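For what it's worth, the working numbering labels the leading residue of the sequence shown as 347, then goes sequentially.
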Amino acid sequence: MRIAFFSTKSYDRTYMNQVNEEFDHDISYFDTGLRPSTAVLAQDHKTVCIFVNDQADAETLEALKDQGVELLALRSAGFNHVDVAKADELGIRIVRVPAYSPYAVAEHALAMILTLNRKTHLAYSRVRDGNFSLERLTGFDLRDKTVGVIGTGVIGQVFAHIMMGVGCRVIAYDPRLNEDLQKKVEFVDLPELFSQSDIISLHCPLTKETHYIINEGAVNQMKDGVMLINTSRGGLVDTKAVIQGLKHQKIGYFGLDVYEQEENIFFEDLSGAIIQDDMITRLMTFPNVLITSHQAFFTQEAMTKIAKTTLQNTRDFEEGKELENEVVYSDK
Ligand code: NAD
Numbered sequence: 347m348r349i350a351f352f353s354t355k356s357y358d359r360t361y362m363n364q365v366n367e368e369f370d371h372d373i374s375y376f377d378t379g380l381r382p383s384t385a386v387l388a389q390d391h392k393t394v395c396i397f398v399n400d401q402a403d404a405e406t407l408e409a410l411k412d413q414g415v416e417l418l419a420l421r422s423a424g425f426n427h428v429d430v431a432k433a434d435e436l437g438i439r440i441v442r443v444p445a446y447s448p449y450a451v452a453e454h455a456l457a458m459i460l461t462l463n464r465k466t467h468l469a470y471s472r473v474r475d476g477n478f479s480l481e482r483l484t485g486f487d488l489r490d491k492t493v494g495v496i497g498t499g500v501i502g503q504v505f506a507h508i509m510m511g512v513g514c515r516v517i518a519y520d521p522r523l524n525e526d527l528q529k530k531v532e533f534v535d536l537p538e539l540f541s542q543s544d545i546i547s548l549h550c551p552l553t554k555e556t557h558y559i560i561n562e563g564a565v566n567q568m569k570d571g572v573m574l575i576n577t578s579r580g581g582l583v584d585t586k587a588v589i590q591g592l593k594h595q596k597i598g599y600f601g602l603d604v605y606e607q608e609e610n611i612f613f614e615d616l617s618g619a620i621i622q623d624d625m626i627t628r629l630m631t632f633p634n635v636l637i638t639s640h641q642a643f644f645t646q647e648a649m650t651k652i653a654k655t656t657l658q659n660t661r662d663f664e665e666g667k668e669l670e671n672e673v674v675y676s677d678k
């Protein structure tokens, strides 16, 4: 099957090429992201493969349809960037990689917590400068702290277990019941989670309901000095409200791997550019904010699994098999 890969970096090509030795798809790699104006590159490819910051809105999907595209293969679990209803109307099927490594994302959330808490990033730079002072490096024991997990799906569950492993009390909110986890974790409503948690970590998808789940009202309900971690999707957090929370020292720490306007920033080397996004530049000035560039998924294991599942999804489509990882428009 001919596949057009958009938004590819060297690391995408490395893992895809390795795994493709067993699939033998005919792959075209494009550095550029998928947009209405770049959809023409998909000409003569039945499958288009995209990542989280590619555009798959109605206009782009129509442009893909014009090029004869039949399958949209997402190299991600989340599909909030795809107009699923429009794809359904156009007869473009969608497949995704529902779970590649929940450990990768959950462990990255832990890395962010430990870095923000124990300030190892500051210590690293200091020591390299010959500064061995401990001033302003005080952290806190994680043991016995309350961690609030919003969304206890695949990643949220792994994260909850990790935090219980370091002696935290874990509470959670998820509209879907999880009988297994309920034996170990207390499920509470959101206001209770906000008011009880020392650390809040987001692991729910971005939907109409969860958009800005962390807004001014939520921040006001939180404990003074709370640590907020977002490795899920940028749109879950009203960044302006969090910046206010940081300025008023209501929020004590903010770790973000995702950002609501990350599309034109993350994954790119902008070190020589003037960054036009004033919210991210403001966030970059806080000593208690840690930003990573949507890298929570980025482990060898996850990259291999993403490649395997994507190429298998495409083969299943080519062979007319049932699509195990299909994203189905449910509002029909
Ligand atoms: P999942 O579908 O297994 O779990 C999501 C959970 O969120 C479900 O249990 C669902 O019931 C719950 N949920 C839905 N609406 C909710 C709400 N209003 N409040 C609280 N919980 C709600 O998904 P997952 O594999 O655990 O992934 C979670 C999210 O992590 C994805 O949606 C994606 O956005 C993000 N993610 C980020 C990266 C990264 O690299 N940063 C990588 C993979 C996934």
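Where is the CB? At the ideal position from N, CA and C, for every residue including glycine. Predicted model, so just to flag it, every value in this text is computed and none were measured.
### Message
Please report the straight-line C-alpha distance between V500 and H427, rounded to a whole angstrom.
### Response
Here residue 500 refers to the residue found at position 154 of the sequence shown. Here residue 427 refers to the residue found at position 81 of the sequence shown. Distance between the alpha carbons of V500 and H427: 20 Å.
### Query
What does a CB cutoff of less than 6 Å around T393 pick up in its chain, not counting 5 residues either side in sequence?
Position 47 of the sequence shown, counted from the first residue, corresponds to residue 393. So the qualifying residues of the chain are M347, I349, L417, A419 and T660.
### Task
Answer yes or no: the CB of A445 versus the heavy atoms of the ligand NAD, is any distance below 7 Å?
Your numbering for residue 445 matches position 99 in the sequence shown. At least one heavy atom of the ligand NAD is nearer than 7 Å to the Cβ of A445, so yes.
### Query
Can you find at least 3 beta carbon pairs, one from the region 493-509 and one from the region 531-541, that sit closer than 8 Å?
yes
### Query
With respect to the alpha helix (DSSP H) encompassing S541, which residues constitute its N-terminal and C-terminal limits?
On the sequence shown, residue 541 is found 195 positions in, with the first residue counted as 1. Where S541 is concerned, the enclosing alpha helix (DSSP H) stretches over L536 to Q542.
#### Entry: Three or more C-beta pairs below 8 Å linking the region 560-570 and the region 445-454
no
#### Entry: Buried or exposed by the 16-neighbour rule on C-beta atoms within 10 Å, applied to S422
Walking along the sequence shown from the start, residue 422 turns up at place 76. So S422 counts as buried.
### Message
Let me check understanding here. Comparing Cα to Cα, which of R628, T553, G618 and S547 lies closest to G601?
### Response
Sequence index remark: in the sequence shown, residue 601 carries index 255 (1-based). That would be S547, whose Cα lies nearest to the Cα of G601.
#### Entry: Reduced DSSP secondary structure (H/G/I, E/B, other) of I637
Here the question's residue 637 lines up with position 291 in the sequence shown. Residue state, collapsed to three classes: strand.
### Query
From which residue to which residue does the beta strand (DSSP E) around I546 run?
Taking the first residue of the sequence shown as 1, we reach residue 546 at position 200. From DSSP, the beta strand (DSSP E) with I546 extends over I545 to L548.
### Query
Can you give the Cα-Cα distance for H467 and I637, rounded to whole angstroms?
One-based indexing of the sequence shown puts residue 467 at position 121. One-based indexing of the sequence shown puts residue 637 at position 291. Cα-Cα distance, rounded: 12 Å.
### Query
By how many angstroms is the C-alpha of D412 removed from the C-alpha of E405?
The count along the sequence shown starts at 1 and reaches residue 405 at position 59. The count along the sequence shown starts at 1 and reaches residue 412 at position 66. Looking at the two C-alpha atoms, the distance is approximately 11 Å.
### Query
Can the beta-carbon of G424 be found closer than 8 Å to that of R579?
Numbered from 1 along the sequence shown, position 78 holds the residue referred to as residue 424. Numbered from 1 along the sequence shown, position 233 holds the residue referred to as residue 579. It is a contact, given that the beta carbons lie within the stated cut-off.
### Query
So the alpha helix (DSSP H) M568 belongs to, where does it begin and stop?
Counting from 1 along the sequence shown, the entry for residue 568 is found at position 222. No alpha helix (DSSP H) contains M568, which DSSP labels as neither H nor E.
### Task
Consult DSSP for L574 and reduce its assignment to one of helix, strand or coil.
Here residue 574 is taken as the residue at index 228 of the sequence shown, counted from 1. In this structure, L574 counts as strand in the three-state DSSP scheme.
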